[in-house]
Amino acid sequence: MFLILVGLVVVLGLVALVVQGARHLVGRGGGGPDDGSGVRRFFQYFLLFGLLIIVGIGLSSLLGRLLEGPGLVSEDDPALARAITFSVIGIPLYLALAVWSRRRILEDADERWSLGWALYSVIAPLPALTVAMFALYDILEWAFRADRYDATATARLIVWGGLWLAHWLVARPLASQTPAQIHLALGSAIGLGTAVSGLIALLGTAIETLVGAGDGLVVGSGRDLARAGAALATGALVWALYWSWTFARERPTPFWFGYVLPIGVGGGLVTAVAAGATVLHDVLVWFLGDSLRFDAARHFSAAPTAVSAVVVGFLVWWYHRQVLESAESEERTEVRRIYEYLMAAIGLLSAAGGMATVLVAVVEALTGSGAIEVGSASAINTLLAAITLLAVGAPLWWVFWTRIQRAVAADPPEEAGSTTRRIYLLLLFGVGGVVAVIALLVGVFVLIEDLLEGRFGSETWRSMRFALALLVTTGAIAAYHWAVYGQDREAVPAQDRLGPRHILLIGDADDEMARSLARATRSRVELWPRTDGVARPWDLAELVEAVGASESKAVTVISGPGGLQVIGIDRD
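When we follow the working numbering, the leftmost residue of the sequence shown carries the number 114, and every step to the right adds one.
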């Protein structure tokens, strides 16, 4: 293990040297000579992170032995020796290096914005948070009478929780905005995932007990309820701290939306849709399909958890959708577009899976095969699964896609020319086209192989059923979205870009003006507010004229008492 760690350090060190050397050769290190600060920071924060883990393991092990009572010292106890070594050596080294690093960050602005400190401030608190969460879960299990008391869990909570709290109070305020927000987004996701899983298990177990599958809601018989409650309480506490009390109150940024959109809105909807499809499939199989001679209790054994997942997933989706709406302006923004295209994509993928399964079933029926070999389900059950996916995914896609198309019809230049729409259309065309080509190759290979061996027949078509289903489904998706993309290009002819490709505004904090300038020039615009109070309010016509006169690919526009100053810059 030691040799592996040494080898890892050496490899990472060589990578750091190569990167630092490359930066020096291309002159990215600033105006002065390279002093090797990048390599020093790499080893400094890598060592700081390693010492953090060592201190946590050593202290929690020692404290756990103390809380367990007599028997702290025993003969031939390597675990105790390791704990003492880690504590005696690790604590002073970690404190010394942490104090020195903090002083460097406070005294040197470059240190605060360095990659080493950014990675440490994002990653280092997460192991402490995770271990503390597991420890809190164990303690709550005991408090809810689902398990016996574990003194080591208390020790882990005290030590690792203390290490996490120290980083939260001391290190987090020293981090720059981007690492701080990445850490908040990760912590929010961890808390939300834990709380959601606990709530689903809690509601599912309660439903199962209430309908008679359990022993009743009696103290001593609800061990599963207690475990689910412990997970819910642990996750809710972390989520409330990271999200409700901290991240939700900050100004929306890309990382803020990175949590709300794919994790909150998308994750909640996917959970609800997948669970809803499970429930619907079980119901259809029970009434129309082959229940494999199971009784109702056994057939619907997963239904309580699935119903709970539908409810919880919908609540998660609804809450984050409300948060998203509160952060949006009244006009149609790119955030709203991302949300609608994300929902349409989820529905389309579900419907595509259902359609592909239907085509497989059709080929099976035409070739006279007895059953579709999907697990142990019969042909009718597989067909019902396809119908379920279509019944769930197609309406979802239709609702959001028709909403999107109405917006395009109302404002073709704005909507058809949006970045989100083009990425969505080209991504589906590209992915669908690639899958279709691969399916075509596989299908043709099977066909030619059987022709050359003289055994072409119904079995050949059956062997090609998955390739044919994917070819038809993904090919149709790719063709449709390419046609839509072509219609967009006809409705919105390509326009010459007015001005540079990248514009950096330094002046009045007017986000709406920055968005208007981006739409008018079809450029990427970034706004940095001035804090000295001398910036004049932006004027869109003046800005467009100023940047349009520049021949540079990227410009910086500074607003001051004397007007606008346009400076060409090189971003390469």
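Note that the Cβ used here is the ideal one computed from N, Cα and C, for glycine as well.
The three-state reading of DSSP puts T669 in strand, counting E and B together.
If you check the CB distance, D395 and A416 come in under 8 Å.
At the C-beta level, H615 and A667 come within 8 Å of one another. Between the beta-carbon of W651 and that of I619 there is about 11 Å, and that puts the pair past the 8 Å contact cut. Here V647 carries a coil assignment [DSSP, helix/strand/coil]. Check the Cα spacing between L653 and each of E625, E639, G426, G229: the tightest is with E625.
Between the alpha carbons of A245 and V544 lies a gap of roughly 41 Å.
In the DSSP annotation of this structure, the continuous segment of the alpha helix (DSSP H) that includes P292 starts and ends at 290 to 323.
A589 and A596 have their C-alpha atoms roughly 11 Å apart.
Of all C-beta pairs linking the region 272 to 280 to the region 370 to 388, fewer than three are shorter than 8 Å, placing the two stretches out of contact.
Collapsing the DSSP output to three states places G588 in a helix. Taking the C-beta atoms as reference points, I166 is found nearer than 8 Å to P240. About 5 Å separates the Cβ atoms of A341 and G311, confirming a contact at the 8 Å cut-off.
Non-local C-beta neighbours of F159 in its own chain, meaning closer than 6 Å and more than five positions away in sequence, are absent. Nearest C-alpha to P525 among G556, D601, L584: D601.
Here the C-alpha atom of P508 lies approximately 25 Å from the C-alpha atom of F413. For the alpha helix (DSSP H) assignment, the uninterrupted runs of no fewer than 4 residues enclosed by the region 365 to 435 are, from N- to C-terminal side, 367 to 372, 380 to 401, 409 to 412. In terms of CA proximity to I561, W574 leads the group I218, V550, W574. Of all alpha-carbon atoms in G169, S636, S227, A419, the one lying nearest the alpha-carbon of A314 is that of A419. DSSP lists V670 as the beta-bridge partner residues of V679.
Nearest C-alpha to R649 among G673, L656, R285, R632: G673. Note that the C-beta distance between T669 and L617 is below 8 Å. Relative to L345, the option among G304, V324, Q518 whose CA is nearest is G304. DSSP places R362 within a helical segment (H, G or I) once states are collapsed to three. No Cβ-Cβ contact shorter than 8 Å links G177 with A293.
Buried is the label assigned to E528, since at least 16 other Cβ atoms lie within 10 Å of its Cβ.
Bounds of the beta strand (DSSP E) holding W641 are 637 to 642.
With fewer than 16 other CB atoms across the displayed protein chains lying within 10 angstroms of its CB, S439 is exposed. Leaving aside the five residues that flank S301 on each side, the residues in its chain whose CB is nearer than 7 Å to its CB run, in chain order, W352, Y355, W356, F360, Y372. Secondary structure at G275: helix, using DSSP grouped into helix, strand and coil.
Annotation: the region 541 to 592 contains the following complete segments of the alpha helix (DSSP H) (minimum length 4 residues), in chain order: 571 to 576. Comparing alpha-carbon positions, the option among P613, A633, E639 lying closest to D623 turns out to be E639. Distance from the CA atom of L338 to the CA atom of L393, rounded to whole angstroms, is 26 Å.
For secondary structure counted as the alpha helix (DSSP H) over 4 or more consecutive residues, the region 224 to 283 holds these complete runs in sequence order: 228 to 236, 238 to 256, 264 to 279.
Within its own chain, the residues whose Cβ lies closer than 7 Å to the Cβ of W273, once the five positions on either side in sequence are excluded, are G169, S173, A241, V244, A245, A248, listed in chain order.
Fewer than three Cβ pairs drawn from the region 197 to 208 and the region 253 to 263 lie within less than 8 Å of each other, which leaves the two stretches out of contact.
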